[in-house]
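The structure under discussion appears below in the form of structure tokens.
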Amino acid sequence: MPIIPKILVFAGSLRTGAFSIKTADAAMKELALQGAAVTRVSLGDYPLPLVDQDLEKEKGVPENAQKLARQIASHDGMLIASPEYNASIPPLLKNAIDWVSRVRRDGGRPFKPFDGKVAALCSSSDGNFAGTRGLYHLRAVLMACQVEVITPQCSVARASEAFDEDGQFREERLRHQMETVCRTLMERAAMFSTRIEP
Ligand SMILES: Cc1cc2nc3c(=O)[nH]c(=O)nc-3n(C[C@H](O)[C@H](O)[C@H](O)COP(=O)(O)O)c2cc1C
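Those letters in the sequence shown? Residues 1450 to 1647, per the working numbering, in order.
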């Protein structure tokens, strides 16, 4: 029986009306349409202090980082939709990745949540660059965490005009890009499945 890939979807922004939340929602719908088992979360569900090694030494990795790490580990892959801040990764997302990268153990056992995971990246911006510059940095950071990042990505330029009332992309080009991203992610995720059931 073919594996139904489990994909975790989240955005790199908490802003009300965020374009990256709309992009993550569009990805979630496309993944579900293609047959993935999708979990949609918000980084707002895992509030975290700024990474601080003194804090880590004193109190360990925060419980919310541990929870997010378990979520990641229990999926085959993730799709991250992010804005770019100053052509790079927004701090909300970088901080969450950095904390999860500090998780080494769970229930006394060695545990590396990112190991063997596959990721797809999407970006959005109201500008013409569509946030693509930030994805080069995000890609490099995830690769340093041993995540396999797929090549196709979906980047939404002029995002305030890109979605219709139902949250669908107005442009066929973007619908096609998202379809390719989701198909490739699902294929790779099924191929490399390393998920740890909770
Ligand atoms: C600190 C900061 C830096 C930003 N830098 C960029 C940038 O480099 N490129 C860009 O297209 N937009 C930039 N923006 C604008 C964001 O793309 C815009 O606020 C976007 O709507 C945020 O993403 P969201 O809609 O997913 O929340 C920046 C915004 C902030 C707050």
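Cβ atoms here follow ideal geometry from the backbone N, Cα and C, with glycine treated the same way.
{"query": "With a threshold of 8 Å, establish whether the CB of Asn1535 neighbours any heavy atom of ligand 1.", "result": "yes"}
{"query": "I think Ile1538 touches Val1590, with their Cβ atoms under 8 Å apart; what is that distance to the nearest whole Å?", "result": "7 Å"}
{"query": "Can you give, in chain order, each stretch of the alpha helix (DSSP H) that sits fully within the region 1547-1599 and has at least 4 residues?", "result": "1581-1593"}
{"query": "Counting pairs of Cβ atoms below 8 Å between the region 1476-1490 and the region 1554-1563, do you hit three or more?", "result": "no"}
{"query": "Would you mind sorting Phe1618 into buried or exposed? The rule is 16 or more other CB atoms within 10 Å of its CB.", "result": "buried"}
{"query": "Please say whether Leu1570 and Arg1588 have beta carbons closer to each other than 9 Å?", "result": "yes"}
{"query": "Which residue's Cα is closest to the Cα of Met1627: Ile1470, Cys1594, Ile1456 and Leu1480?", "result": "Leu1480"}
{"query": "My output table needs one value for Thr1488: the three-state DSSP class, helix, strand or coil.", "result": "strand"}
{"query": "Taking C-beta to C-beta, are Ser1573 and Ala1536 nearer than 9 Å?", "result": "no"}
{"query": "Hey, would you say the C-beta of Pro1532 is under 8 Å away from at least one heavy atom of ligand 1?", "result": "yes"}
{"query": "Relative to the C-alpha of Gln1520, which candidate in Val1549, Gly1580 and Gly1509 has its C-alpha closest?", "result": "Val1549"}
{"query": "Please find out if some non-hydrogen atom of ligand 1 comes closer than 8 Å to the beta-carbon of Phe1468.", "result": "yes"}
{"query": "Could you give the DSSP three-state label for Leu1497: helix, strand or coil?", "result": "coil"}
{"query": "With hydrogens ignored, establish whether the beta-carbon of Asp1673 is closer than 8 Å to any heavy atom of ligand 1.", "result": "Only positions 1450 to 1647 of the chain appear in the structure, and residue 1673 is not among them; the question remains open."}
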